[in-house]
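*Asks:* Take this structure first; my questions come after.
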Amino acid sequence: MKQAPIYVTQPYLPPLEEFMPYLQQIWDNKTLTNGGPFHQQLEKALCEYLGVEHIALFTNGTIALITALQALRVNGEVITTPYSFVATSHSLLWNGIKPVFVDVDPKTLNLDPARIEAAITPHTTAIMPVHCYGHPCDVKAIQKIADNYNLRVIYDAAHAFGVQDEGGSILRYGDLAVLSFHATKVFNTFEGGAIICPDAKTKLRIDQLKNFGFVDETTVVAPGINGKMSEINAAFGLLQLEHIDKSLAERQRIDEAYRTGLSGITGIECLPDAGETVANYSYFPVLVQPEYTLSRDALYQKLKDHDIHGRRYFYPLISDFPMYRGLISAQRSNLPVAAAAADKILCLPIYPNLQRQDQLRVIDLIQGC
Ligand SMILES: *Cc1c(COP(=O)(O)O)cnc(C)c1O
Numbered sequence: 000m001k002q003a004p005i006y007v008t009q010p011y012l013p014p015l016e017e018f019m020p021y022l023q024q025i026w027d028n029k030t031l032t033n034g035g036p037f038h039q040q041l042e043k044a045l046c047e048y049l050g051v052e053h054i055a056l057f058t059n060g061t062i063a064l065i066t067a068l069q070a071l072r073v074n075g076e077v078i079t080t081p082y083s084f085v086a087t088s089h090s091l092l093w094n095g096i097k098p099v100f101v102d103v104d105p106k107t108l109n110l111d112p113a114r115i116e117a118a119i120t121p122h123t124t125a126i127m128p129v130h131c132y133g134h135p136c137d138v139k140a141i142q143k144i145a146d147n148y149n150l151r152v153i154y155d156a157a158h159a160f161g162v163q164d165e166g167g168s169i170l171r172y173g174d175l176a177v178l179s180f181h182a183t184k185v186f187n188t189f190e191g192g193a194i195i196c197p198d199a200k201t202k203l204r205i206d207q208l209k210n211f212g213f214v215d216e217t218t219v220v221a222p223g224i225n226g227k228m229s230e231i232n233a234a235f236g237l238l239q240l241e242h243i244d245k246s247l248a249e250r251q252r253i254d255e256a257y258r259t260g261l262s263g264i265t266g267i268e269c270l271p272d273a274g275e276t277v278a279n280y281s282y283f284p285v286l287v288q289p290e291y292t293l294s295r296d297a298l299y300q301k302l303k304d305h306d307i308h309g310r311r312y313f314y315p316l317i318s319d320f321p322m323y324r325g326l327i328s329a330q331r332s333n334l335p336v337a338a339a340a341a342d343k344i345l346c347l348p349i350y351p352n353l354q355r356q357d358q359l360r361v362i363d364l365i366q367g368c
């Protein structure tokens, strides 16, 4: 019997009938967007769940990143990682900012703080690191550099929903942290995103910027964008939140089964955690080392031939795309660690409904059975 394809992720969808009462409410009160009741409820619920004070919901994570930079009036040059989804750097280009790529740490694949200082110039105004795969950056070292040079820090925390260290949510670090609620993420609202704000004043400015720059009915103070989350998306987020703990527990179980199942295989290296006390198991990246019997691309293809679709996150590096590769900092000689990781990385399927026998099939294929 032909088996169903297995993708790297599959969105978690609660039973449809659970969503119906939410839709009924929207139909009843006829508020579809513009900060309606579900939008307000979801902001409150997420603040409680994540353990943060202020959050501004967005239509997606990319618009949230673009707005975060605008809110802090970041310009000139921003130091960032080439080892991420392309939206990280694109948010800089959309603000007319020049990205300066700095290499990553070989253990975490997050921006390497030891290499940041050498990339700072008189034009540098901020650092935009990514908590890659939900593994926390070296937040203390990054903040220290930012303090010394008077730079802003904006975390692309698209992978980091629910991740904590010993002091609480890792979203509290930086001047701002940005989440994505895209369908592929741990917590999704179909499309969506958010900015974690340190205080009410910053949230107010961000709320104005996501609504065209309006501060009242007749006053527009900035070239803001339309970044608002709709009531349908916010309602789905509220429903999703009811299921999130169960869904994270499932992910943890799958993560553990991979670690056990892959542990004896020469040349398959699982990424360790990075000091988080609560992880979100959003991805399951492995590095395919030269000692493995196949190249990374051959393993990727072998799985694909069995209708198992891993993803090479992150390959190619952002710095290799045409709109970036002309930058001096984009040269591969400047980014040896990221370049090596991009050539070895493979993210394996992980999502709440991944069946045990399907996961065993993935492990067996990697084992060579
Ligand atoms: C998903 C993602 C984004 C973009 O988020 P969208 O909600 O899809 O716009 C940005 N950065 C990283 C690292 C991501 O994984």
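Just so it is clear: in the sequence shown, position 52 is 51 by numbering that gives the first Met the number 0, and no numbers are missing.
Positions of the beta carbon are idealized from the N, C-alpha and C atoms, including for glycine.
The structure displayed is predicted, hence computed values, not measured ones.
So L270 and P284 are supposed to be a Cβ contact under 8 Å. How far apart are they, rounded?
*Replies:* Their Cβ separation, rounded to whole angstroms, is 5 Å, which keeps L270 and P284 in contact under 8 Å.
*Asks:* Classify A3 as helix, strand or coil using the three-state DSSP reduction.
*Replies:* Of the three classes helix, strand and coil, the one that applies to A3 here is coil, per DSSP.
*Asks:* Answer with buried or exposed for P81, where buried requires no fewer than 16 other C-beta atoms within 10 angstroms of its C-beta.
*Replies:* The residue is buried, with at least 16 neighbouring Cβ atoms inside 10 Å.
*Asks:* Report the residue from M19, D363, I62 whose alpha carbon sits nearest the alpha carbon of I205.
*Replies:* Measuring from the Cα of I205, the nearest candidate turns out to be I62.
*Asks:* Using the Cβ count rule (16 or more neighbours within 10 Å means buried), how would you classify D244?
*Replies:* Under this definition D244 is an exposed residue.
*Asks:* Specify the secondary structure class of C136 as computed by DSSP and reduced to three states.
*Replies:* Reduced to three states, the DSSP call for C136 is coil.
*Asks:* Taking the continuous beta strand (DSSP E) assigned at T61, which residues delimit it?
*Replies:* No beta strand (DSSP E) holds T61; the alpha helix (DSSP H) holding it covers 60–70.
*Asks:* Just the residues with CB closer than 6 Å to a heavy atom of ligand 1, in chain order, which are they?
*Replies:* Residues with a Cβ closer than 6 Å to any heavy atom of ligand 1, in chain order: N59, G60, T61, S83, F84, A86, T87, V129, D155, A157, H158, S179, H181, G192.
*Asks:* State the Cα-Cα distance for the pair P348 and E165, rounded to the nearest angstrom.
*Replies:* Computed Cα separation, rounded: 29 Å.
*Asks:* Could you tell me which of Y280, D254, E275 sits nearest to I362, measuring between CA atoms?
*Replies:* For I362, the nearest C-alpha among the options comes from D254.
*Asks:* Pull up the CB-CB distance for M127 and V51, whole angstroms please, since I reckon it's below 8 Å.
*Replies:* Not quite, the Cβ-Cβ distance comes to about 19 Å (not below 8 Å), so this is no contact.
*Asks:* Grouping DSSP H, G and I as helix and E and B as strand, with all else coil, what is I141?
*Replies:* The answer is helix: DSSP assigns I141 an H, G or I state.
*Asks:* In three-state DSSP terms, what is Y257?
*Replies:* Helix.
*Asks:* Measure the alpha-carbon distance for Q288 versus L359 and round it to whole angstroms.
*Replies:* Taking the straight line joining both Cα atoms gives about 21 Å.
*Asks:* Looking at the secondary structure, which residues open and close the alpha helix (DSSP H) in which A338 lies?
*Replies:* Run containing A338: 335–343, per the alpha helix (DSSP H) assignment.
*Asks:* Counting only the same chain and skipping the five closest in sequence on each side, list residues whose C-beta sits under 6 Å from that of Y280.
*Replies:* If we look at Y280 and ignore the five residues flanking it on each side, its Cβ neighbours are R250, Q251, D254.
*Asks:* Please state whether the Cβ-Cβ distance between V73 and R171 is less than 8 Å.
*Replies:* Contact: no.
*Asks:* Between T218, P135, S246, which has its C-alpha nearest N187's C-alpha?
*Replies:* Cα-wise, what sits closest to N187 is S246.
*Asks:* If you compare alpha carbons, which of F211, N210, L175 is closest to I195?
*Replies:* Residue L175 is the option with its Cα nearest to I195.
*Asks:* Taking the alpha-carbon of P351 as reference, which of V185, E216, D215, I307 has the nearest alpha-carbon?
*Replies:* Of the listed residues, the one whose Cα sits closest to P351 is V185.
*Asks:* Should V220 be labelled buried (16 or more other beta-carbon atoms within 10 Å of its own) or exposed?
*Replies:* It counts as exposed.
*Asks:* Going by DSSP in three states, R311 sits in which element: helix, strand or coil?
*Replies:* DSSP places R311 in coil when its eight states are reduced to three.
*Asks:* Taking the alpha carbon of T120 as the point to measure from, which residue in K97, A340, V129, C136 has its own alpha carbon closest?
*Replies:* If we check each option's Cα against that of T120, K97 comes out closest.
*Asks:* For P13 and R324, what's the separation of their Cα atoms in angstroms?
*Replies:* Distance between the alpha carbons of P13 and R324 is about 42 Å.
*Asks:* Considering only the beta carbon of each residue, do A193 and I54 sit closer than 8 Å?
*Replies:* Result yes, Cβ atoms of A193 and I54 sit closer than 8 Å.
*Asks:* Quick check on G236: does DSSP put it in helix, strand or coil?
*Replies:* G236: helix per DSSP, three-state reduction.
*Asks:* Excluding the 5 residues preceding and the 5 following D357 in the sequence, name in chain order all residues of the same chain whose CB lies nearer than 7 Å to its CB.
*Replies:* Excluding positions up to five away in sequence, the list reads I5.
*Asks:* Quick one: residues in its chain with C-beta nearer than 8 Å to the C-beta of I327, no 5 flanking neighbours on either side, listed in chain order?
*Replies:* N333.
*Asks:* Would the beta-carbon of N232 fall within 8 Å of that of G191?
*Replies:* Result yes, Cβ atoms of N232 and G191 sit closer than 8 Å.
*Asks:* Please return the same chain residues whose Cβ sits closer than 8 Å to the Cβ of Y48, not counting the five positions on each side in sequence.
*Replies:* The residues are G161, L240, I243.
*Asks:* Just to confirm, are R311 and L353 a CB contact at a threshold of 8 Å?
*Replies:* Not closer than 8 Å, so no.
*Asks:* Tell me the rounded alpha-carbon separation between G223 and A341.
*Replies:* Rounded to the nearest angstrom, the two C-alpha atoms are 36 Å apart.
*Asks:* Expressed to the nearest angstrom, what Euclidean distance is found between the alpha-carbon atoms of G266 and I141?
*Replies:* Their backbone Cα atoms lie some 32 Å apart in a straight line.
*Asks:* Could you check the C-alpha separation between K343 and P135 for me, to the nearest Å?
*Replies:* Whole-angstrom Cα-Cα distance: 21 Å.
*Asks:* Pick out the complete alpha helix (DSSP H) segments inside the region 69–103, 4 residues or longer, and give them in chain order.
*Replies:* 86–92, all fully within the region 69–103.
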